[in-house]
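Quick mapping for you: the protein sequence lines, in order, are chains A and B.
Using the numbering used here, the final residue of the first sequence is 147, and nothing's skipped along the way.
Using the numbering used here, the final residue of the second sequence is 1097, and nothing's skipped along the way.
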Amino acid sequence: MSESRLFRRTFDALPEIFGFTETFFARQGVDREILITVDFVVEELFTNMVKYGAAADPGSEVRIEIEAVEGGVEVLLADSGVEPFDVTGVPDADTGAPIEERRPGGLGLHLIRRLVDSWDYEYVVERRESRIRFKKTLAGKAAQDGP
Amino acid sequence: MLAIEQGAQGVVVVKGRLDAAQCPAAQSFLDKAQGTVSLDCSGLEYISSAGLGVLLKTQKRLLAAGGKLRLTGVNRHLQDIFQYSGFDQILEIEPAR
């Protein structure tokens, strides 16, 4: 069973998005233990789309689709009218750098990689659509270490 | 939603979710903090990478002036995010009991 919704390309959409995930978890009986991690990953991917989608088609929205799977969820974020950018290929941040060398930003994708069971990127040329899908389950490897 | 306010004995109390939409309010509040600042996170449920940016900017400013940021009551989600991002090396963190 899956549910899908469109969200405005703005940070102000975050409360609506968190409401969408929470309602889905409740309706589908998904274990809330992984909800905060799912919200985290969705926020990181969505805000990237907001920040770097400035050249996207005016009025375009981001589609978020959640599907219940055994022990967790699969989530798809689809961003139409954009240029391709494979977020899964971005190198890790240097988390050992001293504070003097630290700059805000660049940590979101680094953290996602450690929190999800799996993630992948696909670009649909005809629709100029970036599609990022991730899976998070209680039994996943990240669940042993992550929230 | 996020609530951030001055508590007793100079402690800053933060509650709710520090997501990208709430960061401007949190940054604006913390920009006024001086010296060694104790941030009570026992009511902070969630932080994203945007929230980490707020803490980093605050810690750098306070350290440059001889102060620092100290986090208390840090829950499991926050501890994991701090560990995976290396922030446990640049912030003083006291886990929730």
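Think of the CB as a built atom: it goes at the ideal place given N, C-alpha and C, for glycine as much as any other residue.
What are the boundary residues of the alpha helix (DSSP H) that includes residue i?
i	result
Arg32 of chain A	Note, Arg32 of chain A: premise wrong, no alpha helix (DSSP H); not H, not E.
Lys1018 of chain B	At residue 1018 of chain B the sequence reads Leu, which differs from the Lys that was named. Per DSSP, Leu1018 of chain B belongs to no alpha helix (DSSP H); it is in the beta strand (DSSP E), Val1012 to Leu1018.
Leu115 of chain A	Gly108 to Leu115
Ala1026 of chain B	Cys1023 to Leu1030
For the beta strand (DSSP E) holding residue i, just list the boundary residues, first then last.
i	result
Leu1062 of chain B	Segment Ser1049 to Ala1064 is the alpha helix (DSSP H) holding Leu1062 of chain B; no beta strand (DSSP E) there.
Arg1070 of chain B	Lys1068 to Val1074
Gln1006 of chain B	Leu1002 to Gln1006
Gly53 of chain A	Counting along the chain, Gly53 of chain A falls outside any beta strand (DSSP E), and DSSP gives it neither H nor E.
Ile64 of chain A	Val62 to Val69
Asp120 of chain A	Ser118 to Val124
Val73 of chain A	Gly72 to Ser80
How is residue i classed by DSSP in three states: helix, strand or coil?
i	result
Phe85 of chain A	coil
Thr37 of chain A	helix
Pro147 of chain A	For Pro147 of chain A, the predicted structure reports a pLDDT of 39, less than 50, and the residue's modelled location is therefore unreliable. The matter cannot be settled from this model.
Arg133 of chain A	strand
Gly19 of chain A	helix
Arg27 of chain A	helix
Pro1095 of chain B	strand
Leu1078 of chain B	helix
Val42 of chain A	helix
Ile1090 of chain B	coil
Ala13 of chain A	helix
Thr980 of chain B	Because chain B in this structure spans residues 1001 to 1097, residue 980 of chain B falls outside the shown range and cannot be described.
Arg5 of chain A	strand
Closest to residue i by CA distance: which of the options is it?
i	options	result
Ser1049 of chain B	B:Ala1020, B:Gln1089, B:Gly1067 and B:Ile1093	B:Ala1020
Glu122 of chain A	A:Thr88, A:Glu3 and A:Lys51	A:Thr88
Arg103 of chain A	B:Gln1034, B:Arg1017, B:Ser1028 and B:Leu1056	B:Leu1056
Ala1026 of chain B	B:Thr1036, B:Arg1097, B:Arg1070 and B:Thr1058	B:Thr1058
Glu74 of chain A	A:Glu61, A:Ile34, A:Arg5 and A:Lys135	A:Lys135
Phe46 of chain A	A:Thr37, A:Gly59, A:Arg63 and A:Glu33	A:Arg63
Thr1072 of chain B	B:Gln1083, B:Arg1017, B:Glu1094 and B:Lys1032	B:Glu1094
Thr37 of chain A	A:Asp117, A:Met1, A:Gly53 and A:Arg5	A:Asp117
Met188 of chain A	A:Ile17, A:Arg27 and A:Val125	In the structure displayed, chain A extends from 1 to 147; residue 188 of chain A sits before or after that span and is not available.
Gln1034 of chain B	B:Gly1016, B:Lys1068 and B:Pro1024	B:Lys1068
Roughly how far, in whole angstroms, is the beta-carbon of residue i from the beta-carbon of residue j, given that I think they are within contact range, below 8 Å?
i	j	result
Gln1022 of chain B	Leu1002 of chain B	4 Å
Val1074 of chain B	Leu1018 of chain B	With a Cβ gap of about 12 Å, Val1074 of chain B and Leu1018 of chain B do not count as contacting.
Arg9 of chain A	Ser60 of chain A	7 Å
| said: Check whether the segment 17-24 of chain A and the segment 1050-1066 of chain B are in contact - that is, three or more C-beta pairs closer than 8 Å. | reply: The segment 17-24 of chain A is not in contact with the segment 1050-1066 of chain B.
| task | Evaluate contact between the segment 1076-1095 of chain B and the segment 95-110 of chain A, counting only Cβ atoms and requiring at least three cross-stretch pairs below 8 Å. | result | yes
| request: Could you tell me whether the segment 103-121 of chain A touches the segment 1007-1018 of chain B, where touching means 3 or more Cβ pairs closer than 8 Å? | output: no
| said: Under 8 Å: do the segment 1028-1046 of chain B and the segment 1069-1084 of chain B share three or more Cβ pairs, one atom per stretch? | reply: yes
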